[in-house]
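Encoded as structure tokens, the structure appears first; notes follow it.
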Amino acid sequence: MNQQKQIRKWENINCPVHRKLSHNTENYLYAMYLLNEKNEKITASTLLEYIKQLPSSENLGTSLPTVTGMLKRMTRDHLITKDKNNEIFLTEYGKISAKEQTKRFRLASKFLHEILKIELKDVFQEAHRLEHAMSQEVENSIDKLLNYPNKDPFGQTIPGVNFNGNEQNFPLTKSITNELYIISKIPPENPEFVEFLNKNKVLPGNKISITELSVTRGIITIKINKTTVDLGLNIAKTIWVKNI
Ligand SMILES: [Zn+2]
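Numbering (the working numbering), first residue to last: 2 to 245.
Structure, rendered in structure tokens:
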């Protein structure tokens, strides 16, 4: 039996350590996985910054004391450890749980968009509702129905067997003028921003060229088909591309 299956078994047994995780814990685990993915340090403040972007329907407190309280609980539950500089690390159990949660969340996103045809801007919020309610059986069925996908609709990797981990993605701000790129991922959190990107076809898989990158003006101009789109550098760094 692999480790992922073991975690799901622990949910069903009455063990004080390996019990069903709360919705809050699941959200925190996803946030930690995301920070690791972006090579950012996990600290109470980086977590807080991310948690503030989550839908209000998730009912997560957005103050530092709420975050530190949550981190205490997760330490008690053996999901995380902290070093002397207050940097947070997932334990082996935490890593497996975070990976599982990320898979569930991104599969839910793909299912909502591809099968239920939920608009891209609403996918993030709806996927948060679905991810916490999915049993292993439902997750497996969705995975099979979608033919074991390795990307969600935003181009984010769905952890699983189909991923080789060798992608050379980088933020749009690291691109070079007049070069061609393929968009690899966009941030799913903000509905208005997702809608803007969707309308302008700034979507994973689409080809773009860089018309202008001006640090002084703080903008990057990209061209998709025949349309040009201006993006502020602060938001351009959240869009990832790869070389063609
Ligand atoms: Zn959630």
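Just so it is clear, CB atoms sit at the ideal spot from N, CA and C, and this is done for glycine as well.
- Go ahead and label Ala109 buried or exposed: buried means 16 or more other beta carbons lie within 10 angstroms of its beta carbon, across all protein chains shown. buried
- Item | Straight-line Cα distance separating Thr76 from Pro205 | 36 Å
- Task: Return yes when at least one heavy atom of ligand 1 lies under 8 Å from the C-beta of Leu55, else no.
- Result: Answer for Leu55: yes, Cβ within range of ligand 1.
- Message: Can you tell me whether Tyr51 sits near ligand 1, meaning its C-beta is under 8 Å from at least one heavy atom of the ligand?
- Response: Not under cutoff, so the answer is no.
- Message: Quick check on this structure: which residue in Leu80, Ser46 and Lys83 has the alpha carbon closest to the alpha carbon of Pro66?
- Response: Ser46
- So, helix, strand or coil for Asp231, using DSSP? The DSSP-derived three-state label of Asp231 is strand.
- Does DSSP put Glu213 in a helix, in a strand, or in coil? DSSP places Glu213 within a strand segment (E or B) once states are collapsed to three.
- Task: Can you tell me which of the three DSSP states Trp11 falls into?
- Result: Because Trp11 sits at a pLDDT of 49, beneath the cut-off of 50, its placement in the model cannot be relied upon, and the point is left open.
- Message: Going by beta-carbon coordinates alone, are Asn170 and Lys243 separated by less than 9 Å?
- Response: Taking a C-beta distance under 9 Å as the contact criterion, Asn170 and Lys243 qualify as a contact pair.
- Query: Could you give the uninterrupted runs of the alpha helix (DSSP H) lying entirely in the stretch 140-209, keeping only those of 4 residues or more?
  - Reply: 192-200
- Contained alpha helix (DSSP H) runs [length at least 4] in the stretch 32-95, N- to C-terminal order: 45-52 and 65-77, all fully within the stretch 32-95.
- Quick one: give me the first and last residue of the alpha helix (DSSP H) that Lys122 is part of. Leu121 to Glu132
- Message: Please tell me whether, using a cut-off of 8 Å, the distance from the CB of Asn28 to the nearest non-hydrogen atom of ligand 1 is below it.
- Response: yes
- Query: Secondary structure at Ile221, three-state DSSP: helix, strand or coil?
  - Reply: strand
- Item | Ala237 classed as buried or exposed, judged by whether at least 16 other C-beta atoms fall within 10 angstroms | Buried, because 16 or more other Cβ atoms sit within 10 Å of the Cβ of Ala237.
- Message: Measuring CB atoms only, is the stretch 26-43 touching the stretch 99-117, in the sense that at least three cross pairs come out at less than 8 Å?
- Response: yes
- Message: Is Glu190 close to ligand 1? I mean its beta-carbon at under 8 Å from any heavy atom of the ligand.
- Response: Short note on Glu190: C-beta not closer than 8 Å to any heavy atom of ligand 1.
- Query: Buried or exposed: which applies to Leu117, given that a residue is buried once 16 or more other Cβ atoms fall within 10 Å of its Cβ?
  - Reply: exposed
- Around the C-beta of Ile14, are 16 or more other C-beta atoms found within 10 angstroms, so that it is buried, or is it exposed? Because the pLDDT of Ile14 is 44, which lies under 50, any placement of that residue in the model is unreliable, and the number read from its coordinates should be weighed accordingly. So Ile14 counts as exposed.
- Would you call the stretch 211-220 and the stretch 184-197 touching, i.e. three or more CB-CB distances under 8 Å? By the criterion of at least three beta-carbon pairs nearer than 8 Å, the stretch 211-220 is not in contact with the stretch 184-197.
- Give the secondary structure of Lys111 by DSSP, where H, G and I count as helix, E and B as strand, and everything else as coil. helix
- Message: Taking 8 Å as the cut-off, is the beta-carbon of Phe106 closer than that to any non-hydrogen atom of ligand 1?
- Response: yes
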